[in-house]
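These notes are about the structure you will find just below.
Numbering (the numbering used here), first residue to last: 72 to 443.
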């Protein structure tokens with residue numbers, strides 16, 4: 072069991088078309104909301120406009136609690152809910168949802184296949200013992216407490232923690248542990264109970280420990296350097312059975328973006344020409360010199376350029392396509408169905424400053440049909 076108290080400096084706040092949104096906590100901690108590779112997420116948002124559009128999150132269930140103000144949530148073709156202060160609504164993230172009313176809200180998002188619940192606790196000076204429900208089908212659990220107003224002390228199996236207004240407490244544990252909780256204070260706490268299973272690589276990249284460079288890393292870079300031409304995937308059998316993970320792709324792009332290897336190649340050609348001028352009087356010598364440079368470049372120079380940019384161990388980032396995690400399979404399929412050249416052109420020529428965003432920071436407009 073471990074816990075942490077998250078404060079303003081730990082939160083991530085950004086603007087959206089209708090106000091601001093603040094990420095309080097996310098799990099796994101290195102996941103990204105926009106990549107949808109998280110199990111659960113806690114956030115607050117301000118809706119300054121009378122009408123706002125929620126992002127669709129088909130892989131998640133959501134619970135919204137009104138912190139201040141009142142709102143009507145309209146789930147298109149499903150139902151509506153009128154919420155006053157400290158009231159909540161649980162709904163499927165796949166719903167097309169609009170909100171009517173200027174509010175500040177608290178949000179819990181949980182990936183489907185897992186469970187979450189929210190409870191509003193009115194604090195008092197008397198200590199209150201909380202029940203921690205055990206759901207045996209889940210290996211992991213999180214208890215989260217957000218101090219909406221006032222202050223709270225939370226007893227975590229004998230350890231006392233103080234929470235001030237606007238602070239978020241997150242307690243992670245597994246079901247083999249016995250967790251005892253009690254609270255007291257004044258004001259209100261928003262309590263989230265989350266139960267989930269998680270296997271590394273299910274929703275995000277697999278963590279690979281960095282290691283010192285070796286000769287094997289350089290050997291892998293020889294392969295990488297000599298398979299960067301456009302049609303390499305059609306002429307090299309190995310490329311059909313492997314996939315480079317995101318970190319390795321990033322290192323390769325860093326070299327290719329600035330054509331570093333190409334610049335070095337042509338600089339070498341120019342150097343051979345400069346040194347050979349006046350010295351090579353036979354075509355055979357010229358051919359031999361250029362062949363020697365080509366071999367040196369292919370087997371040593373170009374691999375060295377990539378060697379400096381890619382993560383080590385390189386082989387660990389080259390994945391067998393038959394052994395990819397669910398996240399890696401999904402990402403690979405997405406990349407295979409994406410035309411990178413068209414995407415770069417769209418990103419280059421779209422207008423800036425005209426995009427509209429929902430409360431979670433997602434684009435509401437369609438880049439493929441307008442605003443570019």
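Even glycine gets a Cβ: it sits at the ideal position worked out from N, Cα and C.
All values reported here derive from a predicted model rather than from experimental measurement.
So, helix, strand or coil for residue i, using DSSP?
i: residue 304; result: helix
i: residue 404; result: helix
i: residue 279; result: coil
i: residue 439; result: No answer about residue 439 holds up, because its pLDDT of 40 lies below 50 and its placement is not dependable.
i: residue 289; result: helix
i: residue 95; result: strand
i: residue 74; result: strand
i: residue 309; result: helix
i: residue 116; result: strand
i: residue 392; result: helix
i: residue 79; result: helix
i: residue 399; result: helix
i: residue 186; result: strand
i: residue 106; result: helix
Would a C-beta distance cut-off of 8 Å place residue i and residue j closer than the cut-off?
i: residue 293; j: residue 370; result: yes
i: residue 222; j: residue 258; result: yes
i: residue 199; j: residue 254; result: yes
i: residue 185; j: residue 136; result: no
i: residue 179; j: residue 263; result: yes
i: residue 224; j: residue 256; result: yes
i: residue 377; j: residue 295; result: yes
i: residue 125; j: residue 168; result: yes
i: residue 145; j: residue 171; result: yes
i: residue 183; j: residue 131; result: yes
i: residue 246; j: residue 210; result: yes
Between residue i and residue j, which are expected to be in contact by the criterion C-beta below 8 Å, what is the C-beta distance as a whole number of angstroms?
i: residue 392; j: residue 314; result: 5 Å
i: residue 95; j: residue 123; result: That pair is no contact at about 19 Å.
i: residue 140; j: residue 158; result: Residue 140 to residue 158, Cβ: 11 Å. No contact.
i: residue 364; j: residue 339; result: 5 Å
i: residue 127; j: residue 152; result: Actually they are not in contact, since the Cβ atoms of residue 127 and residue 152 sit about 17 Å apart, beyond 8 Å.
Evaluate residue i with the Cβ neighbour count: other Cβ atoms within 10 Å of its Cβ, from every protein chain shown; 16 or more gives buried, anything less gives exposed.
i: residue 149; result: exposed
i: residue 390; result: buried
i: residue 195; result: exposed
i: residue 100; result: exposed
i: residue 329; result: exposed
i: residue 374; result: buried
i: residue 267; result: buried
Of all Cβ atoms in chain B, is any one closer than 8 Å to the Cβ of residue i?
i: residue 126; result: Any reference to chain B falls outside this structure, which holds one protein chain only.
**OP:** Note down, one range per segment and in chain order, each beta strand (DSSP E) of at least 3 residues found wholly within the region 131-177.
**Re:** Complete beta strand (DSSP E) runs here, min 3: 131-140, 142-146, 150-154, 159-163, 168-171.
**OP:** Run through the region 311-384 for me and flag every whole alpha helix (DSSP H) of 4 or more residues, listed as ranges in chain order.
**Re:** Restricting attention to alpha helix (DSSP H) runs no shorter than 4 residues, the region 311-384 encloses them at 317-328, 331-347, 354-367, 373-380, ordered along the chain.
Subject >> Every unbroken beta strand (DSSP E) inside the region 188-271 [3 residues or more] >> reply: The qualifying runs are 199-201, 211-227, 230-235, 239-245, 252-267.
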